[in-house]
Structures are given as C-alpha cells and as structure tokens.
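Participant: Here the sequence shown is numbered in UniProt numbering, starting from 1 and rising by one per residue.
Shown below is the structure under consideration.
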Amino acid sequence: MSAPPSPSPARWFKALRRTRIEESSTKAGPAACAEQLKRARAAFRAGRTSKESFRRAQLETLVRMLAEHECDFVDALCRDLHKPRFESVVSELILVKNEALYAINNLTKPPLSASVGAWCSPVQLCLVPLVGAIAAGNCVIINPSDTSSHTAELLHRLIPSYLDNECYHVLLASASDLPEIVDLKFDHVFFTGNSADGTKVAQAAARGLTPVTLVLDGTNPCYVDAECDGARRGGASPGRASRTPGRARRRPTTCCATPAPATPCCGSCAAPCCSSTGRTRASPAATGAWPAPRASPRPRPARQVRHGGRRGQVNEAEKYIAPTLLTEVVETDPIMQQEIFGPVLPILTVSDVDEAIAFICRREKPLCVYAYSSNSKVISRLMEETSSGSFCANDCILQSLMVVLPFGGVGASGMGSHHGRASFDTFSHRKSCLLRGTRIECVTYLRYPPYEDRNLSLMTWASTLSYKSQGWCQIL
C-alpha cells in the first residue's frame, strides 16, 4: 500500500497562521526612543538578560515567530519589494532561523546594549543582528527602515508579542532622525544603509564615543575571466543578481570581463532572467521592484547611458525595471560614478586580470568582490591583491548567507562584521581580568622603590623565564 501523498506546498503555505491586517503604525522619533532606552537600561541593570536560560528562551521564541508568521513576512516583502516567495523564504527567513539556531547551540555569557537599523533585505538585516545581540545578553532597540513600510509595521506588531517587552523594542523612525537618536548614547550602534546616512550615524556615534558597526552600500565589482566555463556563467553568474534585483547590497554592481567572454557574458548573464519559467521575467512579481516611491528615481541614470547594451522594460507606476545589461561601458560613464539601486549591470571590458585588479583598487573599497574563472591562480590574485569586505569565487551573494562566515565592510563599505560568532563578538566585550592572591607579595616587592641594581638584575633574570613559564614572571 502506497503512502498518502504529502500536502502540496500551496496548501501548506495557506495553512500558516496570518496576523490581522491593522492600520499603519505611527512614526516615532527621538522622544519615543529615549523612553524605550530608559526601560531597556533598567531591564539590563536588573540583570534580566544575563541568564543563559533567558537568552535561549528569547531566541527560541524568535524562531517560533518566524515559523508561525512565515506567510505574513512573505506578504509584507511582496508588498514592499515584490520579492517572490522562494526568495523571501530562502534569503530572509531561513537565514535568520539558521543564525538563531547557531546562537542557541553556542550560547555563552557577557553583555552590552544596542540599536539596529536596516533597509533593503528588511527581515534579515534587522533580525540577524538582533540574534547576535540577544545571544550576547543585550537589551535591544531595532529601527526597521521606513522604506519597507509593510515589513517594518509587521515587525513592530510581532516582536512585542513574542519577545520580552522591557528588553526588546521596535522603533519606527525615519532616517533623518537617526543622528539625534544615536546621540541618546547607546552602548553599540549597528547600522545598514547608504553611505550618506552611515556617515551621519558614525559622526553622531563619535560625539558620544559610541562603538558602531556599519554595513554600507557601494560598488561590488565582478571579474569574468577568459578561462570561465560558459555554463557556470549562466548558472551562477553575476546575472543571478536578478534574484534580488538592485536590493541586495551584496549583489555584483559592475562586471569586468575580458574581450573573449564579454559578449557571451551578456547572454549568460541574461539566462537566469529567463530560466525556470521559460520566458522573460517581465513582471515585478517575478523579479522584484524598487523599494519605495522615493527610491524610484535611483535607477534613472542607468537609462541615460545609451550604449549597445540591452535596455530593460521600465514601469514607473509599479516602480519596476526589468534586469538590464549595459555593454561598451567606460569608467567615466555616469553609471560608474554612483551606487546602483536597480537591476542594472554595467559590463566593462578589460584586457586581462591585471587591468581588472587595477580598476578595483582605484575605486573605494567594496563590500564584496566576485571572480569567475577556472584558473585558480586568477582567483588567488584577485583575492590577495584587492581589499574588500568579502570575496566569493564562481558564485555571488552565497558568502553572505553562511552563518560561519563573518560578513561586513571595510573602508567606504563599512566597519565591523556580523553573522554567527562574529555577531556575538560585535555585541559583547572581551574584558580582561586578573585575580591575584597576596601570598607572593614577598617576591613582588622588587617592583617598588627604592630601586636597586640588585632588584633590577633579579627582574631581568625573571623576564628571561617568561618564555618557558607562559609569562608568570611578568607579575614582578
């Protein structure tokens, strides 16, 4: 007798619990944040977050929240960014669950308190840092981006229903309020966003000597070598960035290709846009959209670069631009002088890997560098001779989804890192402690005045022993 068929994904998805659609949450500013911060500090000083059992329970509750409201997050991401369900589950929800489970299995002690802000991948960029902050014993105020308003409102409703209301708060403030909020003196600020807002946050944090972690937008160059397998370019190519068109700050934003693969690269990059359905993805539901009306003008400069490239379909009303490839691009073109917020990929022709490395090194340090080549020496050169927050060979974005790999920027692309153990380290402090007994005072008196040559000789002799005795003589 054959086993009964398993429920279809569609039926399983519809069975998931949904929250009631409520009125939009009101915006809050620095005054509301000050009250939340006061409550969070009181809970922190009371030692509420110091117990491992409390942190474990909060992380398990966070996982349960994601499981019980998966369809709500998918709906919100679809309404904000037109993200397909597959992408929302894989690149947002599963990533946060993996982070939480990793933290649960590796919990240890210490604490601080923190603030988190994010946009673009609005679930994981808020909740992944939140997981690390909870694991490290912090009280947290998170500020989801108002750009993805539906997701922000969903987090604003759900988090107070699941997590401790005194330790964890959600603030709905605009980007213009962030410097004033940071002035309230947090113990740590974690910010993801564009360079302009990141600079303001860093300046405000510097006034109060507040440690800050920044993950900033920028250019992520990708090099496609002549010795790159064509099938690989189609399967894991920079064109796969169309799965998160213009939204993921880890996606390739510039493709440097040698003359041989430059033309085939266009076809292989476009292939992912037509895969799965067998037709061109010409709708926002298939490939995503710009995040909000105020962001819609950002891809315009890409349409002003008129080269022999493939120009995508544009729908201003739906804030949509189809995946677009620009060929015959030169470094002085307007599209190369700015951050790209649409599914637009300029393809810059370079003579060899040396020119590609020189191009990357001339520009600001990127968040990610990608390389496609079958030659391990080419991969090694790009990895060693360029500076970036992360590096990935023959794939894209994958390195930022792995719990065991720290992810962050360097220079203009940010500072600090998160994911897995790195998140715990970011939101905690390694305090050095020396516990000394009083029984060896008969030896340590040699350190004190009046100084004598005999005491100096003994100290010098004792210091030579520290190599073998692991430094115990340094106490002298």
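The C-beta atom is built at its ideal place from N, Cα and C for all residues, glycine as well.
(1) Between the stretch 198–214 and the stretch 149–164, do three or more beta carbon pairs fall short of 8 Å?
(2) Exposed or buried, methionine 402, counting other C-beta atoms within 10 Å across all chains shown (16 or more means buried)?
(3) Take the Cβ of asparagine 315 as the centre, count every other Cβ of all protein chains shown within 10 Å, and call the residue buried at 16 or more, exposed below.
(4) Count the other CB atoms, across all protein chains shown, that sit within 10 Å of the CB of alanine 358; report buried if there are 16 or more and exposed otherwise.
(5) For the beta strand (DSSP E) that contains isoleucine 142, what are its first and last residues?
(6) Is the shortest distance between the beta-carbon of valine 330 and the beta-carbons of chain B less than 8 Å?
(7) Which of the three DSSP states, helix, strand or coil, is assigned to threonine 324?
(8) Among Arg421, Val63, Gln36, which one has its Cα closest to the Cα of residue 485?
(9) Please go through the stretch 323–396 and give each complete alpha helix (DSSP H) segment of 4 or more residues, from N-terminal end onward.
(10) Going by alpha carbons, who is nearest to cysteine 139 out of Thr464, Ala46, Thr438?
(11) Which runs of the beta strand (DSSP E) at least 3 residues long sit entirely within the stretch 393–438? Give them in chain order.
(12) Quick test of your reading: threonine 210 and valine 182, contact by CB under 8 Å. State the CB separation rounded to the nearest angstrom.
(13) Going by Cα to Cα distance, which pick from Ser376, Lys83, Leu405 is closest to glutamate 227?
(14) Just to confirm the assignment: which complete alpha helix (DSSP H) runs, minimum length 4, are found wholly within the stretch 29–56?
(15) Does serine 50 pass the burial test, meaning 16 or more other C-beta atoms within 10 Å, or should it be called exposed?
(16) Judging by CA-CA distance, which residue of Glu385, Lys185, Lys431 is the nearest neighbour of lysine 38?
(17) In its own chain, which residues sit with a C-beta less than 8 Å from the C-beta of leucine 130, not counting the 5 before and 5 after it?
(18) Hey, out of Ser176, Ser388, Asp333, Tyr223, whose CA is closest to glycine 29's CA?
(19) Would you call the CB atoms of isoleucine 104 and arginine 48 closer than 8 Å?
(20) Residues in the same chain with beta-carbon distance under 6 Å from residue 482, minus the five sequence neighbours each way, listed in chain order, please.
(21) Considering only residues of the same chain and omitting the five flanking positions on each side of glutamate 52, which have a CB-CB separation below 6 Å?
(22) Going by DSSP, name the residue or residues bridged to tyrosine 168.
(23) Which class does histidine 69 belong to by DSSP, given the choice of helix, strand or coil?
(24) Which first and last residues belong to the beta strand (DSSP E) in which leucine 214 is found?
(25) Given that a residue counts as buried once 16 or more other Cβ atoms are within 10 Å of its Cβ, and exposed if not, what is threonine 133?
(26) Let me know the secondary structure DSSP gives tyrosine 223 once reduced to three states.
(27) Compare the beta carbon distance of residue 477 and threonine 219 with 8 Å and say whether it is the shorter of the two.
(28) If alanine 152 sits next to leucine 172, beta carbons under 8 Å apart, how far is it from one beta carbon to the other, in whole angstroms?
(29) Helix, strand or coil: how does DSSP classify alanine 257 here?
(30) If you pair each beta-carbon of the stretch 447–455 with each one of the stretch 403–411, do three or more pairs fall below 8 Å?
(31) How big is the Cα-Cα spacing for valine 189 and cysteine 433?
Facilitator: Taking the definition as stated:
(1) no
(2) The residue given as residue 402 occupies position 402 in the sequence shown. Answer is exposed; the Cβ neighbour count stays below 16.
(3) Counting from 1 along the sequence shown, the entry for residue 315 is found at position 315. Asparagine 315 comes out exposed.
(4) Counting from one through the sequence shown, the residue named residue 358 turns up at place 358. The residue is exposed, with fewer than 16 neighbouring Cβ atoms inside 10 Å.
(5) Position 142 of the sequence shown, counted from the first residue, corresponds to residue 142. Looking at the DSSP string, the run of the beta strand (DSSP E) that includes isoleucine 142 is 139–144.
(6) Absent from the structure: chain B. Only one protein chain is present.
(7) Within the sequence shown, numbered from 1, the residue matching residue 324 stands at position 324. Threonine 324 falls in the strand class under three-state DSSP.
(8) Residue 485 is absent from the structure shown; the chain starts at 1 and stops at 476.
(9) 353–362, 376–385
(10) In the sequence shown, residue 139 corresponds to position 139, counting from 1. Closest option to cysteine 139, Cα to Cα, is Ala46.
(11) none
(12) The count along the sequence shown starts at 1 and reaches residue 210 at position 210. The count along the sequence shown starts at 1 and reaches residue 182 at position 182. Indeed, because the Cβ distance is near 7 Å, the residues count as touching under 8 Å.
(13) For the purposes of this step, residue 227 is identified with residue 227 of the sequence shown, where counting begins at 1. In terms of CA proximity to glutamate 227, Ser376 leads the group Ser376, Lys83, Leu405.
(14) When DSSP assignments are scanned along the stretch 29–56, the uninterrupted stretches of alpha helix (DSSP H) that are 4 or more residues long and fall wholly within it turn out to be 30–45.
(15) Translated into the one-based positions of the sequence shown, residue 50 becomes position 50. Serine 50 is exposed by the Cβ-count criterion.
(16) Translated into positions along the sequence shown, residue 38 becomes position 38. Among Glu385, Lys185, Lys431, the Cα nearest to that of lysine 38 is on Lys185.
(17) Within the sequence shown, numbered from 1, the residue matching residue 130 stands at position 130. If we look at leucine 130 and ignore the five residues flanking it on each side, its Cβ neighbours are Leu62, Val116, Val140, Ile142, Tyr168.
(18) Mapped onto the sequence shown, residue 29 falls at position 29. Of the candidates Ser176, Ser388, Asp333, Tyr223, the residue whose Cα lies closest to the Cα of glycine 29 is Ser176.
(19) In the sequence shown, residue 104 corresponds to position 104, counting from 1. In the sequence shown, residue 48 corresponds to position 48, counting from 1. No, the pair does not count as a contact, with Cβ atoms beyond the cut-off.
(20) Residue 482 is absent from the structure shown; the chain starts at 1 and stops at 476.
(21) Taking the sequence shown and counting its residues from 1, one reaches residue 52 at position 52. Leu107, listed in sequence order.
(22) For the purposes of this step, residue 168 is taken as residue 168 along the sequence shown, with counting starting at 1. Its beta-bridge partners are Val140.
(23) By one-based count along the sequence shown, residue 69 stands at place 69. DSSP places histidine 69 in coil when its eight states are reduced to three.
(24) Locating residue 214 in the sequence shown gives position 214, counting from the first residue. That run of the beta strand (DSSP E) goes 212–216.
(25) Reading the sequence shown from its first residue, position 133 is the one you call residue 133. Residue identity differs from the one stated: residue 133 is alanine in this sequence, not threonine. Flag for alanine 133 reads buried.
(26) Along the sequence shown, one-based indexing puts residue 223 at 223. Tyrosine 223 falls in the strand class under three-state DSSP.
(27) Residue 477 falls outside the range modelled here, since the chain spans only 1 to 476, and no answer is possible.
(28) For the purposes of this step, residue 152 is identified with residue 152 of the sequence shown, where counting begins at 1. For the purposes of this step, residue 172 is identified with residue 172 of the sequence shown, where counting begins at 1. Confirmed, Cβ separation roughly 6 Å.
(29) Within the sequence shown, residue 257 is the residue found at index 257, counting from 1. Strand at alanine 257.
(30) no
(31) Here residue 189 refers to the residue found at position 189 when the sequence shown is read from its first residue. Here residue 433 refers to the residue found at position 433 when the sequence shown is read from its first residue. Whole-angstrom Cα-Cα distance: 26 Å.
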